[in-house]
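The structure appears below as structure tokens.
There are 2 protein chains.
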Amino acid sequence: MSESANHSIYFVPGLQRGLRVLEILGAAAEPMSLSDIAREMELSRSSAFRLVYTLRYMGFIKEAEQKNTFTLGARVLNLGFAYLNQLPITSIARPHLAALRDKTGVSTHLSVLEGHDVLYLGSHQARTGFVSNMVTGTRVDAYASAIGWCLLSSLDEAELAAFCEGLAMPAKTEHTPTSVAELRARVDQVRADGHVFSRGFHEPGGSSVAVPVRDHTGKVVACVNISGPDSGFDFDRIDTFYVPETRACALRISRELGYGGPG
Amino acid sequence: MSESANHSIYFVPGLQRGLRVLEILGAAAEPMSLSDIAREMELSRSSAFRLVYTLRYMGFIKEAEQKNTFTLGARVLNLGFAYLNQLPITSIARPHLAALRDKTGVSTHLSVLEGHDVLYLGSHQARTGFVSNMVTGTRVDAYASAIGWCLLSSLDEAELAAFCEGLAMPAKTEHTPTSVAELRARVDQVRADGHVFSRGFHEPGGSSVAVPVRDHTGKVVACVNISGPDSGFDFDRIDTFYVPETRACALRISRELGYGGPG
DNA sequence: GGGATGCGTTTTGCATCTAAAACATCCGCA
DNA sequence: TGCGGATGTTTTAGATGCAAAACGCATCCC
Chain Z
614 MSESANHSIY
624 FVPGLQRGLR
634 VLEILGAAAE
644 PMSLSDIARE
654 MELSRSSAFR
664 LVYTLRYMGF
674 IKEAEQKNTF
684 TLGARVLNLG
694 FAYLNQLPIT
704 SIARPHLAAL
714 RDKTGVSTHL
724 SVLEGHDVLY
734 LGSHQARTGF
744 VSNMVTGTRV
754 DAYASAIGWC
764 LLSSLDEAEL
774 AAFCEGLAMP
784 AKTEHTPTSV
794 AELRARVDQV
804 RADGHVFSRG
814 FHEPGGSSVA
824 VPVRDHTGKV
834 VACVNISGPD
844 SGFDFDRIDT
854 FYVPETRACA
864 LRISRELGYG
874 GPG
Chain F
614 MSESANHSIY
624 FVPGLQRGLR
634 VLEILGAAAE
644 PMSLSDIARE
654 MELSRSSAFR
664 LVYTLRYMGF
674 IKEAEQKNTF
684 TLGARVLNLG
694 FAYLNQLPIT
704 SIARPHLAAL
714 RDKTGVSTHL
724 SVLEGHDVLY
734 LGSHQARTGF
744 VSNMVTGTRV
754 DAYASAIGWC
764 LLSSLDEAEL
774 AAFCEGLAMP
784 AKTEHTPTSV
794 AELRARVDQV
804 RADGHVFSRG
814 FHEPGGSSVA
824 VPVRDHTGKV
834 VACVNISGPD
844 SGFDFDRIDT
854 FYVPETRACA
864 LRISRELGYG
874 GPG
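First to last, the protein sequences are chains Z and F. Residue 835 in this note's numbering is what sits at position 222 of the first sequence, and the numbering runs on without skipping anything. Residue 657 in this note's numbering is what sits at position 44 of the second sequence, and the numbering runs on without skipping anything.
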């Protein structure tokens, strides 16, 4: 613990402590008293009193039903959702995708589900060799794409059924699922593995690793994938390098979106 | 402005200012520089520097792409989310709202009264078509909203008068009540009907059904509503389907809160 | 080129925020 | 009832956060 250690003379301890009060109250299952807070923070009651006084006055915490105990106030909600509203997932993802491209040497992409399509939001092209033709704004059918299976992987039975309702599923390659049951099997596989590695699904001689990105509710909101010609991959290191790196990249983006679950 | 005026000797100014920095960054459309923040807060740059230093170190704000400008960081999201999770009503209502969404095919929302605002606590979006822009954390003026009228419907004469005290009521649309008497008429109507059906009150081409949720004392504590574009509704079945389903959903939530009165 | 402006950062003396200690309540228990 | 301990609040000496001023560095503009 003790994230303090006030390294710098520029620190404002009152601010740091006040925010810790908010986080502690947020993590607590029940309303806390002044003394509870002071104990938890290893702080004098008088100091805790001043922090609580200020936070209560500002509406960031409020008295619970039981006298002299406190919970978070509605005003904290504004902060969290102001953050969400100004969240362009593309700008959050950009540096991570660039880093993944530099580390793996192959092209990286971010995509989301738009209706029944996978929509490419942005790419970072490999610096050498083959250049993917998947550019920003491209759409492909979700049911027929490994990325699509990733994007559908947080849907439950009913939601997946609704997605498939009235959906024509012509076979595009030998890998294309052509029924709801087959699609569900693919999606379940993603859920179990946490990623998809595909070789030659879309184009002969091309491979790809795709991993879901989740938001603060755990819902899949986007997909990170790397792709390139077989010549760009070292196939001995798929499981030891490409997959873990891509997963780590997706997790970093998920964390910035507030995802708190397991990797 | 100046919500300061540091009334009490117990105030922690550093905390108050730091939280204002977060709110200002949350309200800002673009990343702000240190000087922007100092100007906005009417504070010396050196003080702003110390606040920004502390907040950045803690992860509550982060540098934007452009050097020396800042936006909210992911850590603020945890606060808002913690607040939502602590409200028992949100977890009680969640499955019911999801079921109502599945049954009606349109988006469902839960909201409460916060001061003079309607505060949206959670939504379940329709699976297809139009997606509402009313998302969690959104606030709208209660007097000017059908949901607001629901939330005010258990207030008696005196409480409603107190609510209106000093309240400016500019007309937002032709449906907006602009006097206490008009607002009271709306609220009385909700009390008599037990629900509100509105068409085009907020946005042209959008419709909504709102129903109050009551706690064990019979007091209105929240509001369930369904909303969507006119194209998402079957207008022949408003009274025979949408209204009774929404009422049934609200009643189920009320029952779980201990409400024993009539539906 | 130069001087003017605006920026982020550092310094520093003074004002003020902090926290130990004292005080005032409250509660449980015998 | 009276004691013991825990709580919320106030006081106050002294540590320390604050902001004016200074600094160094960009950028701009005639």
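C-beta: ideal position from N, C-alpha, C; glycine also.
Endpoints, beta strand (DSSP E) assigned at residue i
i, result
"N838 (chain F)", "833-842"
"L723 (chain Z)", "720-727"
"S766 (chain Z)", "From DSSP, S766 (chain Z) is part of no beta strand (DSSP E); its letter is neither H nor E."
"A823 (chain Z)", "819-827"
"D730 (chain Z)", "730-737"
"F810 (chain F)", "809-812"
"T684 (chain F)", "682-685"
CB contact check: residue i to chain Z, cutoff 8 Å
i, result
"A640 (chain F)", "yes"
"N746 (chain F)", "Reliability fails at N746 (chain F), whose pLDDT of 47 lies under 50, so the model's placement of it is uncertain and no value is given."
"H729 (chain F)", "no"
"M654 (chain F)", "no"
"N691 (chain F)", "yes"
"L570 (chain F)", "Beyond the ends of chain F as shown, which are 614 and 876, falls residue 570 (chain F); an answer cannot be given."
"R669 (chain F)", "no"
"A687 (chain F)", "yes"
"E636 (chain F)", "yes"
"R663 (chain F)", "yes"
"G735 (chain F)", "no"
"S621 (chain F)", "yes"
"F743 (chain F)", "Residue placement at F743 (chain F) cannot be trusted, given a pLDDT of 42 that sits under 50; what the coordinates show is reported in the next sentence. Judged by the 8 Å Cβ criterion, F743 (chain F) is not in contact with chain Z."
"Q738 (chain F)", "no"
"F673 (chain F)", "yes"
Beta-carbon gap between residue i and residue j smaller than 8 Å
i, j, result
"V793 (chain F)", "C763 (chain F)", "no"
"T717 (chain Z)", "S736 (chain Z)", "no"
"G841 (chain F)", "V665 (chain F)", "no"
"R663 (chain F)", "Y623 (chain Z)", "yes"
"L685 (chain Z)", "Y696 (chain F)", "yes"
"V725 (chain F)", "L713 (chain F)", "no"
"N800 (chain F)", "S758 (chain F)", "Looking at the sequence shown, residue 800 (chain F) is not Asn but Val. No, the pair does not count as a contact, with Cβ atoms beyond the cut-off."
"L723 (chain F)", "Y756 (chain F)", "no"
"D843 (chain F)", "S820 (chain F)", "yes"
"T682 (chain Z)", "M654 (chain Z)", "no"
"T791 (chain Z)", "V824 (chain Z)", "no"
"G874 (chain Z)", "G831 (chain Z)", "yes"
"L732 (chain Z)", "R707 (chain Z)", "no"
"D754 (chain F)", "G761 (chain F)", "yes"
Closer than 8 Å to chain F by CB, residue i
i, result
"Y666 (chain Z)", "yes"
"F624 (chain Z)", "yes"
"Q679 (chain Z)", "no"
"G831 (chain Z)", "no"
"L765 (chain Z)", "no"
"T721 (chain Z)", "no"
Rounded distance between the beta-carbons of residue j and residue i, thought under 8 Å
i, j, result
"L647 (chain F)", "R658 (chain F)", "6 Å"
"R827 (chain F)", "V834 (chain F)", "7 Å"
"A661 (chain F)", "I650 (chain F)", "5 Å"
"F810 (chain Z)", "I866 (chain Z)", "Not a contact, Cβ separation roughly 19 Å."
"A687 (chain F)", "E787 (chain Z)", "A687 (chain F) to E787 (chain Z), Cβ: 42 Å. No contact."
"H829 (chain Z)", "G871 (chain Z)", "3 Å"
"D627 (chain F)", "G627 (chain Z)", "It should be noted that the sequence gives Gly, not Asp, for residue 627 (chain F). That pair is a contact at about 4 Å."
Buried or exposed by the 16-neighbour rule on C-beta atoms within 10 Å, applied to residue i
i, result
"G742 (chain F)", "For G742 (chain F), the predicted structure reports a pLDDT of 46, less than 50, and the residue's modelled location is therefore unreliable. A value from the coordinates is still provided. Flag for G742 (chain F) reads exposed."
"D730 (chain F)", "buried"
"H808 (chain F)", "buried"
"P701 (chain Z)", "exposed"
"L692 (chain F)", "buried"
"Q679 (chain F)", "exposed"
"F846 (chain Z)", "buried"
"R630 (chain F)", "buried"
"N746 (chain F)", "Reliability fails at N746 (chain F), whose pLDDT of 47 lies under 50, so the model's placement of it is uncertain and no value is given."
"L690 (chain F)", "buried"
"L780 (chain F)", "exposed"
"G728 (chain F)", "exposed"
Span of the alpha helix (DSSP H) around residue i
i, result
"I637 (chain Z)", "626-640"
"T703 (chain F)", "701-717"
"D754 (chain Z)", "First-last for D754 (chain Z): 752-754, but that is the beta strand (DSSP E), not the alpha helix (DSSP H)."
"I866 (chain F)", "856-869"
"F776 (chain F)", "770-777"
"L692 (chain Z)", "688-698"
"E795 (chain F)", "793-806"
"I650 (chain Z)", "647-654"
Contact test: residue i Cβ vs the ligand NAP heavy atom, cutoff 7 Å
i, result
"G718 (chain F)", "Within the structure as shown, the ligand NAP is missing, as the structure has no ligands at all."
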